[in-house]
Amino acid sequence: MWQTLGQDRAVAALQRGLAQGRRAHAYLLVGPPQVGKGTLALELAQALNCEGPEPPCQECSPCRRIAAGIHADVQVVGVEATDGGIHKDISIDQIRELGRVVSLRPFEGRCRVIIIDPADAMNEAAQNAFLKTLEEPPPDVLFVLITSRPQALRATILSRCQRLDLSPLPLPQLEEALRQRWSVAPRQAQLLARLSRGRLGWAIAAHQDEEMMRVRHEALTDIRALPERTIQERFGYASDVAGRFSRDRTTVLAVLDLWRDWWRDVLLASSGCQDVITNLDLGDILKAEASRYDPAQVVVFLRSLAATKRRLEENVNPRLALEVLMLDLPAPP
Ligand SMILES: [Zn+2]
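The following block contains the structure:
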């Protein structure tokens, strides 16, 4: 039984491929961060190595060891942090090492599964080296590439993968799953569903790790305070965030999503649509904020925010892009 929730099309495509013995040599799982791509990749590895009657059974020894991350034939290749600092790329050395590993027969299972997460972290040299491996796929090896930015991968790599798209879950379905499978209290489940924008992985992580909600609160404190600050202080903020962008773009883009949700909520609260806000736990504050700002200015800011996100995706100088955004903040009374 496949456990992946809400990704019926992707799961059905995988099941068909496996049932007909015609799985791809490489799959590309595409979707927003923490939507469930990594979970689905592991489940595929389980399906290929399961010893139960209905793969993936989640209960046999290979299934359990894959879930625990200790199966010798299932390997996740990601960005490695070293003593010298944080790496932001998957290096050519990592890919060369991979080439060596995949030339060996699986140690214990039927199929070696290599998950590259995130695949877009492979730098150009690494992508070139990986392409060579992909062009002559060794038998009994499956590659699963995970990305939220397929445009950052070479077309020659994309063309050799079967692409499966994962989408956010409808919020009621996600909310119900949180309540039933993870025993989250109803009000909290509703909040996490909205904050996650349908990304189940994010919602579960936020449920299990209080730190994530603390980080959100800190970010929201800045977001609320910045319109009152001087232009120098705002540019200081822009410079801070821009500095982080080169190391950790996912986190910075997530902060911009918090900006968007917050100001969209201010707009909703000012037009009496309190019940559809994202930041459910901050309804009273939002109501007070809504009375302070001119909705027309909030709309201008939200447009500027969308443009900033586009510019960052297009690799415009991040500091410049964020400074422009800081100039468009709604004016406090
Ligand atoms: Zn199993």
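Converting from the sequence shown to our numbering requires adding 1036 to each position, the first position being numbered 1.
From the three backbone atoms N, C-alpha and C, an ideal C-beta is built for every residue, glycine too.
| Query | Result |
| --- | --- |
| Close beta carbons around A1155, own chain, < 7 Å, minus the five adjacent residues each side | L1181, I1182, T1183 and L1189 |
| Shell residues, 5 Å Cβ cut-off relative to heavy atoms of ligand 1 | C1086, G1088, C1093, C1096 and C1099 |
| Own chain partners of I1128 with C-beta closer than 6 Å, once the 5 adjacent residues on each side are dropped | A1161, A1162 and A1165 |
| Candidates A1213, Q1209, E1212 and E1172: closest to R1196 by CA position | E1172 |
| Beta-ladder partner(s) of L1200, from DSSP | L1065 |
| Nearest neighbour of I1193, chosen from I1152, D1330 and P1175 [CA to CA] | I1152 |
| As assigned by DSSP and simplified to three states, the class of V1047 | helix |
| Expected contact under 8 Å - CB spacing of M1362 and F1271 to nearest Å | 6 Å |
| Closest residue to G1072 among D1317, T1344 and P1204 (Cα-Cα distance) | P1204 |
| Three-state class that DSSP yields for I1151 in the structure shown | strand |
| Local conformation of V1334 per DSSP, three classes | helix |
| Inside the segment 1165-1242 only - alpha helix (DSSP H) runs reaching at least 4 residues | 1191-1194, 1207-1218 and 1222-1232 |
| Contact under 8 Å by Cβ, A1326 with V1302 | yes |
| Within 8 Å, strictly: CB atoms of G1114 and I1126 | yes |
| V1177: CB within 7 Å of a non-hydrogen atom of ligand 2 | Ligand 2 is absent from the structure shown, which contains only ligand 1. |
| Cut-off 8 Å between Cβ atoms - residues of its own chain near L1292, not counting five sequence neighbours on either side | L1341, T1344, K1345 and L1348 |
| Cutoff 8 Å; reference M1037; Cβ partners in own chain excluding five residues on either side | E1090, P1092, C1093 and Q1094 |
| Segment contact, 8 Å Cβ cut-off, at least three pairs: the segment 1240-1248 with the segment 1261-1277 | no |
| Same chain, Cβ closer than 6 Å to V1149, five either side skipped, listed in chain order | A1081, V1110 and L1178 |
| DSSP beta-bridge partners of M1249 | According to DSSP, which records beta bridges pairwise, M1249 is partnered with nothing at all. |
| Counted within 10 angstroms of its Cβ, other Cβ atoms place H1253 as buried (16 or more) or exposed | exposed |
| Rounded separation between K1168 and A1191 - CA only | 14 Å |
| Pick from L1200, G1088, F1143 and V1112 that is closest to R1059, judged by C-alpha positions | L1200 |
| Among R1355, S1232, R1217 and G1319, the one whose alpha carbon lies nearest that of P1069 | S1232 |
| Proximity below 8 Å, CB of L1316 to CB of Q1198 | no |
| 7 Å Cβ shell around R1230 - same chain, five flanking residues per side excluded | L1207, T1314 and L1316 |
| Residues bridged to M1158 [DSSP beta-bridge criterion] | I1126 |
| A1104 to G1074 span [Cα, whole Å] | 13 Å |
| Rounded Cβ spacing between L1084 and C1147 (contact assumed at less than 8 Å) | 4 Å |
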